[in-house]
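Asker: The sequence shown begins at 14 in the numbering used here and counts up by one.
Idealized CB from N, CA, C, for every residue including glycine.
If you're wondering where the values come from, they're calculated on a predicted model, not measured in any experiment.
Okay, handing you the structure first.
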Amino acid sequence: MKPDLLRFNGTVERDPAIDAWLKDHGGELGTIAREWFEVMRKCGDEVREILHDGCPVACLGDAPFGYVNVFTSHVNVGFFQGAALPDPAHLLQGAGKFMRHVKLRPGTDTDAASLRRLIETAYSDIKARVENG
């Protein structure tokens, strides 16, 4: 039996609270978070968002696929079904049953193409999960 997907009530096309959150996080860390959340926003017309547990979350409808969060010295770009994602570049970290994240630090090279593919794959994965039950 497949586990039920996590769902969030109150997702919207563009959440002003997220724009405020992104604006409040300045400097290099804020720039990193804005860049990668924007990639999530552009995954498809069905992308919705919500501020959940204090960070921006990107969803397909009400089913989350990714988030960004800013910490003291790094940004996490996270995936709600990250444990199931192919990761040939070995970017994903974490050992949870479902979630994984990529840790980004200012001044450190990022494999942007591989991270972009992870985001696109996470979106495609959640879309398939939603459509196929």
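Whole alpha helix (DSSP H) runs in the segment 33-119 with 4 or more residues, listed along the chain?
Answerer: Fully enclosed alpha helix (DSSP H) runs of 4 or longer: 40-54.
Asker: Who are the Cβ neighbours of V143 in its own chain at under 8 angstroms, not counting the five residues just before and after it?
Answerer: Result list for V143: L18, L73, G74 and A76, in chain order.
Asker: Relative to the alpha-carbon of H87, which residue among H114, H103 and E62 has its alpha-carbon at the smallest distance?
Answerer: Residue H114 is the option with its Cα nearest to H87.
Asker: Using only CA atoms, which one of P119, G95 and K116 lies nearest to E133?
Answerer: Of the listed residues, the one whose Cα sits closest to E133 is G95.
Asker: Do G79 and F92 have their C-beta atoms closer together than 8 angstroms?
Answerer: Taking 8 angstroms as the Cβ cut-off, G79 and F92 qualify as a contacting pair.
Asker: For A33, which of C68, T24, I45 and K55 has the nearest alpha-carbon?
Answerer: When only C-alpha atoms are compared, the closest one is C68.
Asker: Bridge partners of V143, per DSSP?
Answerer: Partner(s): none; V143 has no beta bridge.
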